[in-house]
Amino acid sequence: MSSTYSITLPDGSIKVVSAGSTSLDVARSIGQRLADDAVAAKVNGELIDLTRPFDSDSTLELLTSKSPEALEIYRHSTAHLLAAAVLELYPGTKLGIGPPIKDGFYYDFDRPSPFTPDDLEKIEQRMREIRDRDLPYERRLVAKPEGLKKYEELGEPMKCELISERAGDIFSEYTLGPQFIDFCRGPHVPSTKRIKAFKLLSIAGAYWKGDEKRQQLQRIYGTAWFSQKDLDEHLHKLEEAKRRDHRLLGKQLDLISIQELAGPGLIFFHPKGALVRKMLEDWMREQYLRRGYSLVNTPHVMRESLWEVSGHLSHYADNMYAAIELDDARYRLKPMNCPGHILIYRDKQHSYRDLPVRLGELGTVYRYERSGTLHGLFRVRGFTQDDAHIFCRPDQIEDEIVNCLEFAVDVLKTYGFHRYKAEISVWDGGKSGKYDGTPEQWALAEKALHRAVERVGLEATVMADEAAFYGPKIDVKLLDALDRPWQLSTVQFDFTLPRRFELEYTGEDGAKHQPLMVHRALYGSVERFFGILLEHYAGAFPTWLAPVQAIVLPIADRHLDYAKTVQTQLEAAGLRVEIDARSEKVNYKIREAQLQKIPFMLVVGDREAADGKVAVRTRKGGDLGARAVAEVVADIAKLVADKAPTE
RNA sequence: GCCAGCGUAGCUCAGAUGGUAGAGCAUCUGAUUUGUAAUCAGAGGGUCGUGGGUUCGAUCCCCUCCGCUGGCUCCA
81 MSSTYSITLP DGSIKVVSAG STSLDVARSI GQRLADDAVA AKVNGELIDL
131 TRPFDSDSTL ELLTSKSPEA LEIYRHSTAH LLAAAVLELY PGTKLGIGPP
181 IKDGFYYDFD RPSPFTPDDL EKIEQRMREI RDRDLPYERR LVAKPEGLKK
231 YEELGEPMKC ELISERAGDI FSEYTLGPQF IDFCRGPHVP STKRIKAFKL
281 LSIAGAYWKG DEKRQQLQRI YGTAWFSQKD LDEHLHKLEE AKRRDHRLLG
331 KQLDLISIQE LAGPGLIFFH PKGALVRKML EDWMREQYLR RGYSLVNTPH
381 VMRESLWEVS GHLSHYADNM YAAIELDDAR YRLKPMNCPG HILIYRDKQH
431 SYRDLPVRLG ELGTVYRYER SGTLHGLFRV RGFTQDDAHI FCRPDQIEDE
481 IVNCLEFAVD VLKTYGFHRY KAEISVWDGG KSGKYDGTPE QWALAEKALH
531 RAVERVGLEA TVMADEAAFY GPKIDVKLLD ALDRPWQLST VQFDFTLPRR
581 FELEYTGEDG AKHQPLMVHR ALYGSVERFF GILLEHYAGA FPTWLAPVQA
631 IVLPIADRHL DYAKTVQTQL EAAGLRVEID ARSEKVNYKI REAQLQKIPF
681 MLVVGDREAA DGKVAVRTRK GGDLGARAVA EVVADIAKLV ADKAPTE
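First residue of the first sequence: 81, per this note's numbering; consecutive thereafter.
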């Protein structure tokens, strides 16, 4: 063994170190600041502890707080700190897993009595105490049989399970203080004093290994950041998200409600909400017609035998409402629109010349979702899909997919989303046998998806083995104003239904062929899309969507008549206008209009009435001064016509 | 569905370690006639989510159910 190693740094410089030296030593030799900032080391491409000695000539990259990988390691170390605190406070608690996640970490625990919110504070306090003890995260190597025995003696059955499944002959474990040991790959920060800013956020139940047949554990979620400032920013962002919550805004702006008497997961659109929804639907229907779709309508309940043919009864029954018994048969509420559209396609013969046939519908479907999963407008039991099915020939599919994707991108742009990407979900090549359809069909469809993404210029990632069993798909995901991801549009091939329903068209050769079927929804669910928009705009819908686009605010009762003439002029231009005729001060009326996020407030008093003007105030720009009514009408009308993203 | 927390006036919330409840906003009435984010006064409004149990007495303690919230699982 050599007594020195040469360590190559990212800038190409080489440090020669003696055996036994660590990355931390190298960092110190460069500067104490770097040593303090370094979280872990990447040695020969492998993430390891700063305190692990070199055992060969190596390349070294020091991960500092600027690296995303470092933040994960840091959060993982914070999770260990959490577990150590829990074991100190509640001896006998059994450990599950404690990984870093987006924005934080969690740790799963098994103990007879659940944690309470008060416990959370105690645990956080104890974490700070342990942190201040400046304990090292020490890595040890253990032989598997010996280790298994040890964890069994420690009373850690879940750790034993993990070790038997995942560990090699020799595995690593990390200690923190005299008591805490965790089977863990690492790496970790060198010591607890490195952990600066964290907060425990919530307690939740979670099944061991995500399997609801296994025991349920207590999961504690927390967040951790390199600085108090980052933590504060994150907490602030959580507050902002809360402020924008569509359930809150939906109530405040009197847009929607969910009525206990009617049932959970069922949405009531109030007058203003229904108006916004109408705008979304009108836009979509207009686009359908422009883009060569035919609009159809299909029934909400249909015979159970239809769902037998479609296969929903065997594959999807758990999500379907129970049958309704009528005189002649059992009927089912539709969970999907496809079979209805297929029946329309099948109702007549098709020539290859007729294709593609594009049948679209804003179809309301009902699905039984488990009660615990319901969430505002985002997860409901009755919702309306902007659903269409395209029946086409093999030579047409690429163009059809391109059209769908262009359409999807138009949706995003129209509603002010500028950051999005696509995910192509493909099969496993047929290895598992769980996918329907022939290899030729899969190859054809997947090729079309790839080429279409390329042609449209969408950024896309390929998700292997993520396809639906009936065909590959493209999902479009977007980031909203708060950088939160949402799944929106989906374009899916379906090899199963054309076969089940024996769909056909007559080809050029006079023979019968089976058409390809594409299922696509762009808003996804109108209700959910409405909720996404509500949060994206924080309730301040752009003028073209705003349920009330302008409100006329007379200063005194004597201005009411003039206010009405102003309203009439705006309405003549097709605008949605209200008058606040109450005997209140302007300040009061402005405050209310502002809270209702009405884009334009038009104040009228003696001066305006005399000059045929209105004093314009926008919800964002404040008082803009008096202007002629006709000009204001024209400006607002133009914003509406342009579907301008803001006022 | 499961785990945990929650459910008090239309809304946001207070409250009593068991003796049938209160504020602000909103609503209604009256006064005020107002110039860019809340004018003043008065009044009405609650079987304290539901059903049961314990108790002399329950909104409070216990159980059931319903709903909501955070997760798990699932997904548009």
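A virtual CB, placed ideally from N, CA and C, is assigned to each residue, including glycine. Keep in mind it's a predicted model, so treat the numbers as computed, not measured.
Notebook entry, point to check: How about the segment 132–149 and the segment 162–173: do they share at least three Cβ pairs that are nearer than 8 Å?
Noted result: no
Checklist line | Buried versus exposed call for A120 [16 or more other C-beta atoms within 10 Å across all chains shown] | finding: buried
Check: Assuming I336 and G353 make a contact with CB atoms under 8 Å, what is their CB distance in whole Å?
Finding: 5 Å
Notebook entry, point to check: Among all the DSSP beta bridges, which residues are the ones paired with T303?
Noted result: K279
Checklist line | Cβ-Cβ separation, G266 to S757 (assumed contact under 8 Å), whole Å | finding: An answer regarding residue 757 cannot be provided, because it is not within the stretch 81 to 727 covered by the chain.
Check: W387 lies in the alpha helix (DSSP H); which residues open and close that run?
Finding: E384 to S390
Check: Do Y217 and S271 have their C-beta atoms within less than 9 Å of each other?
Finding: yes
Item checked: At least three beta-carbon pairs within less than 8 Å, the segment 102–115 to the segment 145–163 -> Using a C-beta cut-off of 8 Å, the segment 102–115 makes no contact with the segment 145–163, since fewer than three inter-stretch Cβ pairs fall below that distance.
Check: Is G702 helix, strand or coil when you go by DSSP?
Finding: strand
Next item on the list: Tell me, to the nearest whole angstrom, how far the beta carbon of T84 is from that of A107; I am working on the premise that it is less than 8 Å.
Entry: Contact flag wrong, Cβ pair sits at about 18 Å.
Next item on the list: With DSSP collapsed to three states, give me the class of L242.
Entry: helix
Checklist line | Continuous alpha helix (DSSP H) stretch holding V119: start and end | finding: From DSSP, V119 is part of no alpha helix (DSSP H); its letter is neither H nor E.
Next item on the list: From the DSSP output, in three-state form, read off V632 for me.
Entry: strand
Note to self: Does V269 pass the burial test, meaning 16 or more other C-beta atoms within 10 Å, or should it be called exposed?
What the structure shows: Flag for V269 reads buried.
Item checked: Rounded distance between the beta-carbons of L442 and M364, thought under 8 Å -> Rounded, the Cβ-Cβ distance is 7 Å, consistent with contact.
Notebook entry, point to check: Would DSSP call I177 helix, strand or coil?
Noted result: Coil.
Check: At which residue ranges does the segment 304–358 contain complete alpha helix (DSSP H) runs of 4 or more residues, listed in the order of the chain?
Finding: 308–323 and 326–332
Next item on the list: For E588, name the three-state secondary structure that DSSP assigns.
Entry: coil
Check: When the Cα atoms are used, what is the spatial distance from I250 to K229?
Finding: 13 Å
Margin query: Relative to the C-alpha of F260, which candidate in L423, L162 and E651 has its C-alpha closest?
Written below: L162
Check: Quick one, which of I87, S109 and K146 has its alpha-carbon nearest G125's?
Finding: Nearest option by C-alpha distance: I87.
Item checked: Local Cβ density within 10 Å of T196, reported as buried at 16 or more and exposed below that -> T196 comes out exposed.
Next item on the list: Compute the beta-carbon to beta-carbon distance between I300 and Y186, rounded to the nearest angstrom, for a pair I have assumed lies under 8 Å.
Entry: 6 Å
Notebook entry, point to check: Residue range of the alpha helix (DSSP H) that G420 falls in?
Noted result: C418 to R426
Notebook entry, point to check: When every heavy atom of the ligand PLP is checked, does at least one fall within less than 8 Å of the C-beta of E441?
Noted result: What this structure holds is no ligand at all, so the ligand PLP is not there to describe.
Note to self: With distance defined between alpha-carbon atoms, name the residue in R383, H421, H392 and A342 nearest to D408.
What the structure shows: R383
Next item on the list: Could you tell me whether the segment 536–549 touches the segment 557–569, using the rule of 3 or more Cβ pairs below 8 Å?
Entry: no
Next item on the list: Report the three-state DSSP secondary structure of D291 (helix, strand or coil).
Entry: coil
Next item on the list: Along the alpha helix (DSSP H) that carries R671, what are the first and last residues, could you check?
Entry: V666 to L675
Item checked: Exposed unless 16 or more other CB atoms sit within 10 angstroms - verdict on N667 -> With fewer than 16 Cβ atoms within 10 Å of its Cβ, N667 is classed as exposed.
Next item on the list: State yes or no: is the C-beta of V533 within less than 9 Å of the C-beta of A502?
Entry: yes
Check: Tell me the DSSP bridge mates of Y186?
Finding: Y301
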